[in-house]
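Written out below as structure tokens is the structure these notes cover.
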Amino acid sequence: MSEVKTDKISSVSTNGDITLDPDGTGIVSTASHVRVTGGSDCDIEFQSGSSRRKFIGGDGNELELGTYSSSNTSRDTHIRIDSAGNLAVGQTSVGLSTVGCNIRPIGLVQAIRDDAAAVEIRRNNSNGSIQTFRRDGTTVGGINVTTSSTSYATSSDHRLKENVADMTGAIARVKQLAPKRFNFIADADTTVDGFLAHEAQTVVPEAVHGTHNEVDDDGNAVMQGIDQSKLVPLLTGALQEAITKIEALEARVTALEDA
């Protein structure tokens, strides 16, 4: 165990509190240091009577915080900060393979949990925004909650738009959509309705993310995705055009019947 020099301890109170005063001035200056040195593992342990309770330590260039078992026979690291500044809670290293969460200096936060929601967000006392999404400094969407429901919003204020015109030719475009029934390879027992992303992309490009058959620099597939809610304006336009046609036909039938 490393040596603690008692001439640098200015006082020890009756309740066991120790004041470190390396300068002997009663004030710890910014130039003062408290060092704990040892071998490859260097720890500070917190003990109650003869029982070790918690520790601050590390292996190599890592910083670890944890607790001891009730029997004092083992200890568990709960928080770990590695030499790159990655912070992991409940994990031996940052990643998506084990339960826990981590925060990385690059701005990435990951949460992993078995068989339950990995992220829970709560808003108290009132209805409103529970999550905001920003692109640089501009709000571009969010999630809102009430006492009984959730809604998702993307930017749609008229003050953000220009070149606004009524939709035409919606029926012709809807006829180009090719809805399918299929199952995902990873879920062979579940058949669903949907679209093939690259096919829908030719009709409503803004609904689809990614490029058809894209791969990354290592040859791994970069999968396309679709936001099917982006099809609603087109479907609404087509329905309105169909209603107009139906009403015109109904008027002609009425006129023929009255003739």
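FYI, the numbering used here numbers position 91 of the sequence shown as 310, with every residue one higher than the one before it. Even for Gly, the Cβ is constructed at its ideal location relative to N, Cα and C.
Backbone CA spacing between residue i and residue j [nearest angstrom]
i: ASN346; j: PHE274; result: 42 Å
i: ILE349; j: VAL338; result: 13 Å
i: ALA407; j: THR430; result: 25 Å
i: ASN280; j: HIS297; result: 17 Å
i: ALA397; j: ASN321; result: 42 Å
i: ILE165; j: ILE390; result: Within the shown structure, residues of the chain are numbered from 220 to 478, placing residue 165 beyond reach of any answer.
i: SER403; j: MET442; result: The residue you asked about is not Ser; residue 403 is Phe in the sequence shown. Each residue's alpha carbon lies about 13 Å from the other.
i: ALA336; j: SER269; result: 40 Å
i: MET220; j: ASP262; result: Confidence in MET220 is poor, its pLDDT being 42 and thus under 50, which makes the residue's placement unreliable; the coordinate value appears in the next sentence. Spanning the two alpha carbons is a distance of roughly 10 Å.
i: LYS380; j: ARG332; result: 41 Å
Under the three-state DSSP convention, the category residue i falls into
i: LYS449; result: helix
i: ARG341; result: coil
i: GLY277; result: coil
i: LEU458; result: helix
i: ASP477; result: helix
i: VAL328; result: strand
i: THR463; result: helix
i: ILE298; result: strand
i: HIS431; result: coil
Per-residue burial, residue i [other beta carbons within 10 Å of its own, 16 or more giving buried]
i: GLU283; result: buried
i: VAL472; result: exposed
i: VAL423; result: buried
i: LEU315; result: exposed
i: GLY319; result: buried
i: ASN291; result: exposed
i: ALA440; result: exposed
i: PHE401; result: exposed
i: VAL359; result: exposed
Within-8 Å CB hit, residue i to chain D
i: ILE390; result: No chain D appears in this structure, which consists of one protein chain only.
Taking one C-beta from the stretch 381 to 389 and one from the stretch 451 to 461 each time, how about it: are there three or more such pairs within less than 8 Å?
yes
Under 8 Å, with one C-beta from each stretch per pair, do the stretch 262 to 276 and the stretch 284 to 298 reach the 3-pair mark?
yes
Taking one C-beta from the stretch 427 to 445 and one from the stretch 350 to 369 each time, how about it: are there three or more such pairs within less than 8 Å?
no
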